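Beneath this line is the structure, given in structure tokens, with notes to follow.
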Amino acid sequence: EQRRVPRQRGRFDRHKACCEAQFTMAQPPFVSASMGETVGISCTRSSGGIRSKWNHWYQQKPNSAPILLIYNDEERVSGIPERFSGSYDTSANSVTLTISNVQAEDEAHYYCQEGKFPPNICFIYIIYTIGRT
Numbered sequence: 223e224q225r226r227v228p229r230q231r232g233r234f235d236r237h238k239a240c241c242e243a244q245f246t247m248a249q250p251p252f253v254s255a256s257m258g259e260t261v262g263i264s265c266t267r268s269s270g271g272i273r274s275k276w277n278h279w280y281q282q283k284p285n286s287a288p289i290l291l292i293y294n295d296e297e298r299v300s301g302i303p304e305r306f307s308g309s310y311d312t313s314a315n316s317v318t319l320t321i322s323n324v325q326a327e328d329e330a331h332y333y334c335q336e337g338k339f340p341p342n343i344c345f346i347y348i349i350y351t352i353g354r355t
């Protein structure tokens, strides 16, 4: 599925993060995994090079604010389990969030963001959901 994201205000308006983008992102609508498996969630930018150190991942659970998991492509936030890791692939023009040994508590929405860090300007918000099979 491709999604066009033109001149759209970001999901984190309370932080005044403003989005403006003129490209498409390919994404799966849903990612499922069984407990103990490893799952990868990728964001692929269709045009313009994806920028190193500009990519971040968030997790949001129901009735909770999003929390930052990974920043600058692969830096894990203190307190986030080592099961969560980020990677960056220039040849594929994409970034990937990998969750190893998936647990029930990993069921959530996952957002990727391309933008400066701290994230005061954003270019990509894509949502993924991990659910029970």
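Going by my numbering, the sequence shown opens with residue 223, and the numbers climb by one from there.
For every residue, glycine included, the Cβ atom is placed at its ideal position computed from N, Cα and C.
Note that the structure is predicted; figures quoted are calculated from it, not measured.
Residue i and residue j closer than 8 Å at C-beta
| i | j | result |
| --- | --- | --- |
| residue 309 | residue 296 | yes |
Chain-order list of residues whose beta-carbon lies under 7 Å from that of residue i (same chain, five-residue window excluded)
| i | result |
| --- | --- |
| residue 290 | 278, 280, 299 |
| residue 330 | 281, 282, 283, 352 |
| residue 305 | 321, 322, 323 |
| residue 235 | Below a pLDDT of 50, predicted positions are generally treated as unreliable, and residue 235, at 36, falls in that range; the measurement from the model is reported next regardless. Cβ neighbours of residue 235 beyond the five flanking positions: none. |
| residue 326 | 257 |
Nonlocal neighbours in the same chain, by C-beta distance under 6 Å from residue i, ignoring five residues either side
| i | result |
| --- | --- |
| residue 262 | 318, 320 |
| residue 255 | 261, 324 |
| residue 307 | 320 |
| residue 272 | 315 |
Buried or exposed (CB count within 10 angstroms, at least 16 for buried), residue i
| i | result |
| --- | --- |
| residue 286 | exposed |
| residue 274 | exposed |
| residue 313 | exposed |
Continuous beta strand (DSSP E) stretch holding residue i: start and end
| i | result |
| --- | --- |
| residue 317 | 316-321 |
| residue 262 | 261-267 |
| residue 279 | 277-282 |
The ligand MG heavy atom lying under 7 Å from the CB of residue i
| i | result |
| --- | --- |
| residue 308 | Looking for the ligand MG in the displayed structure turns up nothing, as the structure carries no ligands at all. |
DSSP three-state assignment for residue i, whether helix, strand or coil
| i | result |
| --- | --- |
| residue 230 | For residue 230, the predicted structure reports a pLDDT of 34, less than 50, and the residue's modelled location is therefore unreliable. A value from the coordinates is still provided. Residue state, collapsed to three classes: coil. |
| residue 330 | strand |
| residue 305 | coil |
| residue 336 | strand |
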